[in-house]
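Counting from 1, position 123 in the sequence shown corresponds to residue 1270 in the numbering used here; the numbering is continuous, with no gaps. Notes follow once the structure below has been shown.
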Amino acid sequence: MYKVNRAMERWRYNANRVSAGGSSWAGRVDPAKSRQNQITARQIKADLFDDNGELKLARRHRADHGIVALAVALSIFGVVIIYSIASGLYGGNTTVINQEMLKRGIFLAVGVVLFIVASRIPLNWWKKAGPYIFLIALLICLALPILGAAHVPVARCALGACRWYKLGVVSFQPAEFLKLGTVLFIAGYLSTRLANGKLNDKLTLAEVLAVMLVSLLIIVGLQRDMGTGAAIVAIFLIELVMSGMSWRKLAIVLGVIVLLFVVMTLAAPHRMSRIFTFTKSGSNADSDYHINQALIGLGSGGLTGRGLGQSVQAFGWLPEAVNDSIFAIVGETLGFVGTVGLIATFAFLIMRMFSKTNYLNNMYLRLVVAGVVGWLASHVLANVMAMTHLIPLTGITLPLVSSGGTSAIFVMISLGVVFEISCYTAHRRIDIAEVNESQGGDSENPVRRRRQRWSHSTDRRRSRTTTSAG
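Have a look at this one:
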């Protein structure tokens, strides 16, 4: 950013110097040098500003390959754990085990391909396509419970919840698509409102609440997926905070969220049952079965675990061993050391991505990265805390580790976008207030103030020169 400002200063100085016709400057400048200065000024202006006069992104540089390394490490770890679980879960049936591992491998391969594709797509395309991606994802999610109620075979329902599309041998969970759409759409909307100086308007607050309310009604109300609802709320909140919205309006948003979740919990008997199970643990062996088996798995692992392939809980004792409960299996097979290592790897990935926001001078890019961070962090926290009995069971997967194919694919796409964004970080930390001012059309815009100082100093220099010549 410093280099950009210095280039702008040189361009302003040269442009004013060349245009100072009739003064002593004109007599001192050689015509050939004058033309060269004009060409240089035009080149600098073209390098700094686009056709709309907006400041271009920072110069593209090498992306952060640490993000790729951490994502690959988590994916490989997930394959190893799933294979160790499958050996016990399917009783040594190599045919079924090979089929499950092949399916996991195909999902990861598709995820890697889409990661590469997402990292090659121009960032401006994501901003333009964000509203359409969000709308399509929302409509697909809305259609799922309707098709399930009509008993259409394409809708797969379980335990009264319709959350998957059955496409041949493959299941597709549209809620994962909605998370990506939410990240892109909210980032584009908030950055646009900020650029127009309307971020803290009542209309902005009303529209944000309306979009969030519709999303939660479809996901939590119709699909009965509280875990995904919590992830979407996390995306909304972190992007609202990062955008610089006033704390008063953030408090209103938070109050609406709490009220909405209370109402949805009271209106659903199965959610009340989970709350009762969490608060009255030990009173009912049947309702406590899942969490008890998870705690047994974590406790029996000790410091270093039983070893890969030696899990007892995977032999049908622990429900959803390869999906929601996979963290308990990690604790059983690899012990306390394995769980701490897994959490540390997630923490490194999340912190590495979040640190990029401090070096981005574009609010839209900041919000996209923050949204992906909120998405992944909410999944990790909810899964780990549910398995350790710190919160009620949520039915949420562990990103890149659990066997959910749709989750792995869309997480890889989001990481591909963040990977591309990491190419445009600056060499110094950029304060969020500076980004807000520089993109909000504010009279206190630091770039505008600097331009005014350059203009005023040049005018004073020309005035003194003209006076001395006279």
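Where a beta carbon is used, it is the ideal one built from N, C-alpha and C, also for glycine.
- Remark: fewer than three beta-carbon pairs, one from each stretch, lie closer than 8 Å, so the segment 1237-1254 and the segment 1475-1485 are not flagged as touching.
- Short of 7 Å from the beta carbon of residue 1540, and not among the five residues preceding or following it, lie these beta carbons of its own chain, in chain order: 1421, 1437, 1438 and 1533.
- Cα atoms of residue 1520 and residue 1207: separation of roughly 22 Å, rounded to the nearest angstrom.
- In the structure shown, the three-state DSSP call for residue 1301 is coil.
- Short of 8 Å from the beta carbon of residue 1318, and not among the five residues preceding or following it, lie these beta carbons of its own chain, in chain order: 1303, 1311, 1312, 1552 and 1553.
- Residue pairing for residue 1319: DSSP places it in a beta bridge opposite 1312.
- Annotated as distal: residue 1331 and residue 1377, with beta-carbon spacing of 9 Å or more.
- In the structure shown, the three-state DSSP call for residue 1342 is helix.
- Secondary structure at residue 1464: coil, using DSSP grouped into helix, strand and coil.
- Between the alpha carbons of residue 1320 and residue 1550 lies a gap of roughly 13 Å.
- Here residue 1235 is buried: its Cβ has 16 or more other Cβ atoms, across all protein chains shown, within 10 Å.
- Judged by beta-carbon spacing, residue 1291 lies within the 9 Å limit of residue 1369, meaning their Cβ atoms are closer than that value.
- DSSP assignment within the segment 1522-1570 yields the following whole alpha helix (DSSP H) runs of 4 residues or more, N-terminal first: 1552-1568.
- Inter-segment contact for the segment 1511-1520 and the segment 1450-1467 is absent: fewer than three beta-carbon pairs are separated by less than 8 Å.
- A Cβ-Cβ separation of about 14 Å leaves residue 1475 out of contact with residue 1529 under the 8 Å criterion.
- The C-beta distance from residue 1415 to residue 1453 rounds to 37 Å, too long to meet the 8 Å contact threshold.
- For residue 1437, the enclosing alpha helix (DSSP H) begins and ends at 1436-1447.
- The residue among 1297, 1324 and 1245 with its C-alpha nearest the C-alpha of residue 1279 is 1324.
- Of all alpha-carbon atoms in 1225, 1511 and 1219, the one lying nearest the alpha-carbon of residue 1387 is that of 1511.
- Our two residues, residue 1513 and residue 1573, have alpha carbons roughly 12 Å apart in a direct line.
- DSSP places residue 1395 inside the alpha helix (DSSP H), whose first and last residues are 1394-1413.
- By the CB criterion at 9 Å, residue 1343 and residue 1396 fall outside the cutoff.
- Apart from the 5 residues on each side of it in sequence, residue 1265 sits with its Cβ closer than 6 Å to the Cβ of 1560, 1563 and 1564 in its chain, given in chain order.
- By the criterion of a C-beta distance shorter than 7 Å, residue 1525 is surrounded in its chain by 1377, 1378 and 1381, once the five residues flanking it on both sides are discounted.
- Taken through DSSP and simplified to helix, strand or coil, residue 1269 comes out as coil.
- When the five nearest sequence neighbours on each side are left out, the beta carbons in the same chain lying within less than 7 Å of the beta carbon of residue 1555 are those of 1254, 1255, 1258 and 1547, in order along the chain.
- Distance from the CA of residue 1373 to the CA of residue 1504, rounded to the nearest whole angstrom, comes to 29 Å.
- With respect to the C-alpha of residue 1394, the residue from 1288, 1496 and 1352 having the closest C-alpha is 1352.
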